Amino acid sequence: MDTTQLLKGVLDMAVLAVIAEDDGYGYDIVRRLRAAGLDEVGDASVYGTLRRLYSAGALSSYVVPSDGGPHRKYYGMNPHGRAMLDEQRANWTHFAGTLTRLLEKPQPSVHLPTIGDNS
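Position one of the sequence shown corresponds to residue -14 (our numbering), numbered consecutively onward.
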């Protein structure tokens, strides 16, 4: 199953969940998402998501100087972001439960006629 479309639909929630654990900079967040099992997440997608969530007021940011390279822009969760994550978590739990129940329903067996079968 190609999970690319699924990932697009839940990336905001996944990024918020990672940042809720601990503030992080772009590549650190990508690394943490991949370590959690979202191996197919793209760097550009995460950076775009961070910019969008920041613009929506869900994240705060601050710059930390680096001894070995450019300064790093860290993102942290603010109250609006926590509220967004809480709402998305509730929506996901409801949606996933509904889909799980749908998939667990016994499927009726279908009789497919074969060539020469007159039934």
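Cβ coordinates follow ideal geometry from the N, Cα and C atoms, glycine included. Because the structure is a prediction, the values reported are computed rather than measured.
The region 59 to 70 makes contact with the region -7 to 6; the number of CB pairs closer than 8 angstroms reaches 3 or more. In this structure asparagine 63 touches serine 45 by the C-beta definition: roughly 5 angstroms separates them, less than 8 angstroms. Excluding five sequence positions before and after tyrosine 12, the CB atoms of its chain that fall closer than 8 angstroms to its own CB belong to Asp28, given in chain order. Here DSSP, grouped into helix, strand and coil, assigns valine 3 to helix. For the 9 angstroms CB-CB criterion, serine 51 and lysine -7 do not form a contact. Under the three-state reduction of DSSP output, serine 51 falls in the coil class, being neither helix nor strand. The beta carbons of tyrosine 47 and glycine 9 sit about 12 angstroms from each other, so the pair does not count as a contact at 8 angstroms.
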